[in-house]
Amino acid sequence: MTDLGGPGDPRVRGPGDGPEAVAAQIADAVESLTALWSDAAQDASLRLSLHQLRALRALEAAPGLNLTALADRLDIGLPTASRLCDRLAAAGLLERAPHPDTRREVQLWLTPHGRHVLGDVAGRRAQALAAALAAMEPAERVALSRGLRGFLAARDAGLRRAGGADGTDPADGP
């Protein structure tokens with residue numbers, strides 16, 4: 001016999017299950033995750049600011065960016081990006097190299113030490129996250145994983161709808 005509408009029925013929604021309530025819970029979780037991320041980064045071999053870490057991650061994802069492209073990716077001003085790169089270069093985390101095709105342009109590259117520091121931070125973050133997940137009940141981890149997959153699928157579907165049925169950007173034209 002199926003228990004429809006009883007306390008065990010997953011289709012029954014309580015007052016805290018609406019999109020706004022869940023959004024608030026997610027916002028709280030993101031703040032906690034951000035704090036966990038920041039603490040793990042501060043425990044790394046070299047303490048870096050959030051902007052410095054973001055810059056290194058951007059260069060890891062797109063090696064050879066110029067200063068303007070890095071500033072755009074970080075959504076900061078060009079002078080701020082320049083000072084940021086000065087500090088990272090002084091710490092031996094990035095290097096500047098002339099662009100092979102454009103004399104006036106400089107490319108930014110991670111140094112081996114910069115890649116090592118990013119790896120150290122990533123490892124510490126993964127350990128901190130794994131410790132938090134280990135404190136959860138197995139069923140909670142499964143539910144969290146399922147919920148995250150659903151969230152990402154819904155987000156991706158929304159992005160595809162916004163960009164066109166085939167995933168292309170309608171602004172790109174035919």
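First residue of the sequence shown: 1, per the numbering used here; consecutive thereafter.
Even for Gly, the Cβ is constructed at its ideal location relative to N, Cα and C.
Count the other CB atoms, across all protein chains shown, that sit within 10 Å of the CB of residue i; report buried if there are 16 or more and exposed otherwise.
i: Leu65; result: buried
i: Gly119; result: exposed
i: Leu4; result: Model confidence at Leu4 stands at a pLDDT of 43, short of 50, so the residue's coordinates are unreliable and nothing is read from them.
i: Gly114; result: buried
i: Leu117; result: Looking at the sequence itself, residue 117 is Val, so the reference to Leu does not match. That one is buried.
i: Leu133; result: exposed
i: Ala153; result: exposed
i: Leu56; result: buried
Could you give the distance in angstroms between the alpha-carbon of residue i and the alpha-carbon of residue j?
i: Val121; j: Thr34; result: 13 Å
i: Thr68; j: Thr80; result: 11 Å
i: Asp169; j: Arg160; result: Summary for Asp169: the model assigns pLDDT 47, below 50, so the residue's position carries little reliability; its value from the coordinates is reported in the next sentence. One C-alpha to the other measures close to 9 Å.
i: Phe151; j: Ile26; result: 11 Å
i: Leu53; j: Gly18; result: 35 Å
i: Leu144; j: Pro63; result: 34 Å
i: His99; j: Gln107; result: 6 Å
i: Arg149; j: Leu74; result: 27 Å
i: Ser82; j: Arg96; result: 11 Å
i: Glu105; j: Cys85; result: 15 Å
i: Ile76; j: Trp109; result: 19 Å
i: Leu88; j: His51; result: 11 Å
i: Ala23; j: Ala29; result: 10 Å
i: Arg146; j: Ser38; result: 26 Å
i: Arg103; j: Asp156; result: 40 Å
Taking 7 Å as the limit between beta carbons, can you name the residues of its chain near residue i, skipping five residues before and five after?
i: Leu78; result: Leu67, Thr68 and Ala71
i: Asp43; result: Arg124
Might you give, ordered along the chain, the residues of its own chain that have their beta carbon closer than 6 Å to the beta carbon of residue i, omitting 5 neighbours on each side?
i: Ala40; result: Arg124, Arg125 and Ala128
i: Leu46; result: Val117
Tell me which same chain residues have a C-beta within less than 8 Å of the C-beta of residue i, skipping the five on either side of it?
i: Gly92; result: Thr111, His113 and Gly114
i: Leu227; result: Given a span of 1 to 174 for the chain in the structure shown, any question on residue 227 remains unanswerable.
Could you round the C-beta distance between residue i and residue j to whole angstroms and report it? I think they count as a contact, below 8 Å.
i: Leu48; j: Leu94; result: Leu48 to Leu94, Cβ: 12 Å. No contact.
Suppose only complete runs of 3+ residues qualify. What are the beta strand (DSSP E) ranges in the region 59-133, listed by chain order? Listed in chain order, the complete beta strand (DSSP E) runs (minimum 3 residues) inside the region 59-133 are 94-98 and 106-110.
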